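Its first residue numbered 415, the sequence shown is counted upward by one per residue in our numbering. By construction, the Cβ of each residue, glycine as well, lies at the ideal position given by its N, Cα and C atoms. For clarity, every value in this text was computed on a predicted model and none was experimentally measured.
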Amino acid sequence: MSELCNYRPISLTSILCKIMEQFIRDYIIQHFLHSDLFCKNQFGFLKGRSTMLQLLHIMEKQTAALENGGQINTIYTDNKKAFDKLPHRLLLKKLQSYNLNVNVIKQIRSFSVIKNKELK
């Protein structure tokens, strides 16, 4: 029998909220791109940097290492519940440190567990 803690609650968000989330996401992506905040190794969620491209990039590096007599050491991790454990207060402070618009941060905070607390 499976454990109850492996199940996540389903969020039934209205269409308007989903549209607003997309606007906020697009704004954050553009801000990060304009401010050059993504590192060159960031793949996924960005145009031209798909996870498939990341796999091809890694495979190319590993193939070159093996052809040159090197070895490959790999550590696999499972981060499927990582966002569930993320302290929202820390995320909001991090977004502030990237000079994200205060109104955008307020919108994000309204969706988080932390409510009615002003950011400094």
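query: Which one of 430, 458, 431, 429 has the shortest CA to CA distance from residue 443?; result: 458
query: Can you say whether residue 469 is buried or exposed, counting buried as having 16 or more other CB atoms within 10 angstroms of its CB?; result: exposed
query: On the three-state DSSP scale, how would you describe residue 480?; result: helix
query: Can you name the start and end residues of the alpha helix (DSSP H) that residue 435 belongs to?; result: 429-448
query: For residue 523, count neighbouring Cβ atoms within 10 angstroms of its own Cβ and tell me buried if that reaches 16, exposed if not.; result: buried
query: Identify whether residue 467 lies in helix, strand or coil by the three-state DSSP scheme.; result: helix
query: From which residue to which residue does the alpha helix (DSSP H) around residue 359 run?; result: Here the chain covers residues 415 to 534 and nothing more, so residue 359 does not appear.
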